[in-house]
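Enquirer: Questions regarding the structure given below will be posed in turn.
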Amino acid sequence: MKLDTSGLESTAPLFGANTVLFDGFKDVPSFDVPKTNDFDGFQKEAIQMVKPAKGTTTLAFIFKEGVIVAADSRASMGGYISSQSVKKIIEINPYMLGTMAGGAADCQFWHRNLGIKCRLHELANKRRISVTGASKLLANILYSYRGMGLSVGTMIAGWDETGPGLYYVDSEGGRLKGTRFSVGSGSPYAYGVLDSGYRYDMSVQEAAELARRSIYHATFRDGASGGVASVYYVGPSGWKKLSGDDVGELHYNYYPVLPSTVEQEMTES
Amino acid sequence: MTKQHANWSPYDNNGGTCVAIAGADYCVIAADTRMSTGYNILTRDYSKICKLADKCLMASSGFQADVRALQKQLSARHLIYQHQHNKQMSCPAMAQLLSNTLYYKRFFPYYAFNVLGGLDTEGKGCVYTYDAVGSYERVGYSAQGSGATLITPFLDNQLKSPSPLLLPAKDAVTPLTEDEAVDLVKVVFASATERDIYTVSSCVYRVL
Chain A
35 MKLDTSGLES
45 TAPLFGANTV
55 LFDGFKDVPS
65 FDVPKTNDFD
75 GFQKEAIQMV
85 KPAKGTTTLA
95 FIFKEGVIVA
105 ADSRASMGGY
115 ISSQSVKKII
125 EINPYMLGTM
135 AGGAADCQFW
145 HRNLGIKCRL
155 HELANKRRIS
165 VTGASKLLAN
175 ILYSYRGMGL
185 SVGTMIAGWD
195 ETGPGLYYVD
205 SEGGRLKGTR
215 FSVGSGSPYA
225 YGVLDSGYRY
235 DMSVQEAAEL
245 ARRSIYHATF
255 RDGASGGVAS
265 VYYVGPSGWK
275 KLSGDDVGEL
285 HYNYYPVLPS
295 TVEQEMTES
Chain B
11 MTKQHANWSP
21 YDNNGGTCVA
31 IAGADYCVIA
41 ADTRMSTGYN
51 ILTRDYSKIC
61 KLADKCLMAS
71 SGFQADVRAL
81 QKQLSARHLI
91 YQHQHNKQMS
101 CPAMAQLLSN
111 TLYYKRFFPY
121 YAFNVLGGLD
131 TEGKGCVYTY
141 DAVGSYERVG
151 YSAQGSGATL
161 ITPFLDNQLK
171 SPSPLLLPAK
181 DAVTPLTEDE
191 AVDLVKVVFA
201 SATERDIYTV
211 SSCVYRVL
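Chains as they are written, first to last, in our numbering: chain A, 35 to 303; chain B, 11 to 218.
Written out as structure tokens, the structure reads:
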């Protein structure tokens with residue numbers, strides 16, 4: 035396919051273009067084009083490869099006092115921000131939380147469905163379901179829809195008889211038990227802050243501040259994350275929302291604008 | 011053997027834009043009246059707004075055949091609800107029903123971009139915005155359809171709704187009066203018409 039490169043021609047005159055010094059320099063810059071039949075399709079595939087997976091940042095970790103769950107609130111459709119106020123932390127029941135990453139409708143629907151199943155378990159067995167059990171229910175449902183295009187990357191956090199519990203469940207059918215997770219396109223940035231500041235014996239306030247900072251730093255560097263950073267705490271008596279702060283305001287809290295010295299006075303003539 | 015791609019698509023986009031704004035004790039819903047396919051205009055006065063319940067209206071843009079089927083489905087479910095519970099469905103309840111109805115067709119979706127508006131159980135205005143497969147959230151204002159990307163930044167600027175996720179919680183509804191909100195909606199459609207070929211003059215509904 036012959037490309038029209040006339041637009042790339044430089045209009046600047048080249049001095050002594052014919053001298054020995056300038057050998058090797060061409061008048062018209064050209065670039066290599068991949069030798070493929072379907073150039074447009076190749077372009078599309080290349081873009082798909084670097085597309086951010088699940089534009090969001092969510093994180094959760096277990097510490098001495100319980101579980102902290104935090105998330106941003108931006109939803110993007112390609113390059114367009116469709117909402118800055120999405121609830122990414124879903125309240126399954128008063129002592130269990132789920133986070134949303136991937137397809138919003140998928141996460142909302144299946145978390146609500148999980149809440150229904152947990153309630154039915156309570157009624158049938160006269161006791162609350164464990165976090166292990168709840169995450170297994172969800173993972174089995176998602177596994178049965180494997181390959182059909184659901185996109186879910188969620189963390190189930192809760193407090194049951196064995197203490198705090200945290201599981202990562204995704205739409206490929208994966209289910210992992212752990213103490214620290216972060217999911218989404220902003221997760222590398224969140225992990226950086228979270229891993230370096232984490233200690234098992236933190237107070238609730240310290241842990242919440244760590245989570246808030248991790249989300250803020252992720253939204254600072256990741257274009258697909260932003261909005262409001264929400265932080266929840268799950269303790270023996272259930273979950274409690276600790277804070278919801280706009281990340282723009284957090285930026286000016288952490289890095290306040292200092293008045294700079296005026297070096298040159300601008301005088302009005 | 012290379013994969014064959016379908017030559018026929020069951021979907022079509024009939025264009026159009028819908029807007030809804032929630033106030034302290036009112037809700038304004040508006041939708042334009044043009045229905046088109048590609049560059050052809052099918053009709054100039056088609057209403058995209060449907061009254062689902064006493065205090066609940068839905069405006070949808072996208073593929074109008076799917077929208078009509080969705081409206082029928084919801085109206086039928088509402089009738090059953092009225093027989094079983096002897097009362098009208100509230101707007102939040104209808105919002106959940108719409109979300110579930112959309113998600114049940116997750117693998118062959120309704121090509122409909124909906125905005126639900128009305129008064130909640132306390133009489134405050136509420137607007138719910140949806141995507142094609144049923145994810146929804148309650149907001150202070152919303153625009154959907156072909157002119158949405160033009161209208162939403164303008165509404166962000168004018169209505170400055172604080173996020174419902176903030177703690178301590180701030181009210182998401184606009185402090186504007188009903189007449190100011192209706193004027194705003196008219197202005198919004200006039201501007202969207204300037205730059206979007208699928209949007210034209212509006213048909214306005216009010217709920218109080």
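Yeah, the Cβ is synthetic: ideal placement off N, Cα and C, and Gly gets one too. Since we're looking at a predicted model, the values are computed, not measured.
#1: How would you write the range of the alpha helix (DSSP H) that Lys196(B) sits in, first residue to last?
#2: Can Ala138(A) and Ile123(A) be called in contact, C-beta distance under 7 Å?
#3: Report, in whole angstroms, the separation of the C-beta atoms of Gly89(A) and Ser259(A), which I expect to be a contact under 8 Å.
#4: Do Lys274(A) and Leu177(B) have their beta-carbon atoms positioned less than 7 Å apart in this structure?
#5: Please tell me whether Gly144(B) has its Cβ less than 7 Å away from any Cβ of chain A.
#6: Closest Cβ-Cβ distance between Ser176(B) and chain A: below 7 Å?
#7: Just checking my contact of Val262(A) with Ser107(A) at CB under 8 Å: how many whole Å lie between their CB atoms?
#8: Return yes when the Cβ of Tyr120(B) is within less than 7 Å of the Cβ of Tyr21(B), no when it is not.
#9: Identify the contact partners of Asp305(A) in chain B, using a Cβ-Cβ distance below 8 Å as the criterion.
#10: Could you tell me whether any non-hydrogen atom of the ligand MN is closer than 6 Å to the CB of Arg146(A)?
#11: From the DSSP output, read off the bridge partner residues of Tyr267(A).
#12: Please report the distance separating the alpha-carbon of Pro102(B) from that of Asp235(A).
#13: Return the residue from the list Cys66(B), Ala202(B), Asp55(B) that minimises the CA-CA distance to His88(B).
#14: Anything in chain A within Cβ reach of Phe73(B), meaning under 9 Å, just list it in chain order.
#15: Note down, in chain order, each residue of its chain lying with its Cβ closer than 6 Å to the Cβ of Phe56(A), except the 5 sequence neighbours on either side.
#16: Between Ala252(A) and chain B, is any beta-carbon pair separated by less than 7 Å?
#17: With burial defined as no fewer than 16 other Cβ atoms inside 10 Å of the residue's Cβ, what is the status of Gly155(B): buried or exposed?
#18: Between Ala245(A) and chain B, is there a C-beta pair that is closer than 7 Å?
#19: Leaving out five residues before and five after Tyr225(A) in sequence, what residues of the same chain have Cβ atoms less than 7 Å from its Cβ?
#20: By DSSP's criteria, Tyr215(A) is part of a beta bridge. Which residues make up the other side?
#21: Please confirm whether Gly272(A) and Pro128(A) have their CB atoms less than 7 Å apart.
#22: Which residues, in chain order, does the stretch 132 to 166 of chain B contribute to contact with chain A at a C-beta distance below 8 Å?
#23: Exposed or buried, Met182(A), counting other C-beta atoms within 10 Å across all chains shown (16 or more means buried)?
#24: Assign Ala86(B) to one of three DSSP states: helix, strand, or coil.
#25: If you draw a straight line from the C-alpha of Asn17(B) to the C-alpha of Gly48(B), how long is it?
#26: If you scan the stretch 18 to 63 of chain B from start to end, which runs of the beta strand (DSSP E) of 3 or more residues do you find wholly inside it?
#27: Do you know offhand how far Lys170(B)'s Cα is from Met130(A)'s?
#28: Using the beta-carbon count (16 or more within 10 Å), is Tyr36(B) buried or exposed?
#29: According to a CB-to-CB cut-off of less than 7 Å, which residues of the stretch 46 to 65 of chain B neighbour chain A?
#30: For Gln74(B), does the count of other Cβ atoms within 10 angstroms reach 16, so buried, or fall short, so exposed?
#31: Counting only C-beta atoms, is Ser178(A) closer than 7 Å to chain B at any point?
#32: Three-state secondary structure (DSSP) at Glu243(A)?
#33: Which two residues bound the contiguous beta strand (DSSP E) that contains Ala191(A)?
#34: Determine, for Tyr113(B), whether the minimum Cβ-Cβ distance to residues of chain A falls below 7 Å.
#35: Please name the residue, chosen from Phe143(A), Lys151(A), Tyr223(A), Thr213(A), that lies closest to Leu184(A) on a Cα-to-Cα basis.
#36: Could you name the residues that DSSP lists as bridge partners for Gly269(B)?
Expert: Here's the rundown:
#1: One-based indexing of the second sequence puts residue 196(B) at position 186. Residues 188 to 205.
#2: The count along the first sequence starts at 1 and reaches residue 138(A) at position 104. The count along the first sequence starts at 1 and reaches residue 123(A) at position 89. Contact flag unset, no.
#3: The residue labelled residue 89(A) in the question sits at position 55 within the first sequence. The residue labelled residue 259(A) in the question sits at position 225 within the first sequence. About 7 Å; that satisfies the 8 Å criterion.
#4: Within the second sequence, residue 177(B) is the residue found at index 167, counting from 1. Within the first sequence, residue 274(A) is the residue found at index 240, counting from 1. No.
#5: One-based indexing of the second sequence puts residue 144(B) at position 134. Yes, contact with chain A.
#6: As a working mapping, residue 176(B) is identified with position 166 in the second sequence. Before going on, a small fix: residue 176(B) reads as Leu here, not Ser. By this cut-off, Leu176(B) is an interface position.
#7: Indexing the first sequence from 1 puts residue 262(A) at position 228. Indexing the first sequence from 1 puts residue 107(A) at position 73. Indeed they touch by this definition, with Cβ atoms about 4 Å apart.
#8: The sequence position of residue 21(B) within the second sequence is 11, counting from 1. The sequence position of residue 120(B) within the second sequence is 110, counting from 1. No, Cβ-Cβ distance for Tyr21(B) and Tyr120(B) is not below 7 Å.
#9: Nothing in the structure corresponds to residue 305(A), since chain A is present only between 35 and 303.
#10: Among the components modelled here there is no ligand, and therefore nothing to report on the ligand MN.
#11: Here residue 267(A) refers to the residue found at position 233 of the first sequence. Paired residues: Ile102(A), Lys274(A).
#12: Taking the first residue of the second sequence as 1, we reach residue 102(B) at position 92. Taking the first residue of the first sequence as 1, we reach residue 235(A) at position 201. One C-alpha to the other measures close to 42 Å.
#13: Here residue 88(B) is taken as the residue at index 78 of the second sequence, counted from 1. Ranking Cys66(B), Ala202(B), Asp55(B) by Cα distance to His88(B) puts Cys66(B) first.
#14: Here residue 73(B) is taken as the residue at index 63 of the second sequence, counted from 1. The contacting residues do not exist; Phe73(B) stays about 18 Å from chain A at best.
#15: The residue you call residue 56(A) lines up with position 22 of the first sequence. Reliability fails at Phe56(A), whose pLDDT of 46 lies under 50, so the model's placement of it is uncertain and the value that follows must be treated cautiously. Excluding positions up to five away in sequence, the list is empty.
#16: In the first sequence, residue 252(A) corresponds to position 218, counting from 1. No - not a single Cβ of chain B is within 7 Å of the one on Ala252(A).
#17: As a position in the second sequence, residue 155(B) is number 145, starting the count at 1. Buried.
#18: Counting from 1 along the first sequence, the entry for residue 245(A) is found at position 211. Answer no: the Cβ-Cβ gap between Ala245(A) and chain B never drops below 7 Å.
#19: Along the first sequence, read from residue 1 onward, the residue named residue 225(A) stands at position 191. Once the five neighbours on either side are set aside, the close Cβ partners of Tyr225(A) are Ser216.
#20: As a working mapping, residue 215(A) is identified with position 181 in the first sequence. For the sequence presented, residue 215(A) should be read as Phe rather than Tyr. Answer is Ala94(A).
#21: Position 238 of the first sequence holds residue 272(A). Position 94 of the first sequence holds residue 128(A). Yes. Within cutoff.
#22: Thr139, Asp141, Val143, Gly144, Ser145, Tyr146, Glu147, Val149, Thr159
#23: Reading the first sequence from its first residue, position 148 is the one you call residue 182(A). Result: exposed.
#24: If you number the second sequence from 1, residue 86(B) lands on position 76. Three-state DSSP puts Ala86(B) in a helix.
#25: By 1-based counting over the second sequence, the position of residue 17(B) is 7. By 1-based counting over the second sequence, the position of residue 48(B) is 38. Their backbone Cα atoms lie some 17 Å apart in a straight line.
#26: 27 to 32, 37 to 42, 45 to 47, 50 to 53, 59 to 63
#27: Locating residue 170(B) in the second sequence gives position 160, where the first residue counts as 1. Locating residue 130(A) in the first sequence gives position 96, where the first residue counts as 1. For Lys170(B) and Met130(A), the distance between alpha carbons rounds to 33 Å.
#28: The residue labelled residue 36(B) in the question sits at position 26 within the second sequence. Tyr36(B) comes out buried.
#29: none
#30: Residue 74(B) sits at position 64 when you count from the first residue of the second sequence. Per the 10 Å Cβ criterion, buried.
#31: In the first sequence, the residue the question calls residue 178(A) occupies position 144. Answer no: the Cβ-Cβ gap between Ser178(A) and chain B never drops below 7 Å.
#32: By one-based count along the first sequence, residue 243(A) stands at place 209. If DSSP states are grouped into helix, strand and coil, Glu243(A) belongs with the helices.
#33: Counting from 1 along the first sequence, the entry for residue 191(A) is found at position 157. First-last of the beta strand (DSSP E) with Ala191(A): 187 to 194.
#34: One-based indexing of the second sequence puts residue 113(B) at position 103. Interface residue, yes.
#35: Along the first sequence, read from residue 1 onward, the residue named residue 184(A) stands at position 150. For Leu184(A), the nearest C-alpha among the options comes from Phe143(A).
#36: No statement about residue 269(B) is possible, as the shown extent of chain B runs from 11 to 218 and does not include it.
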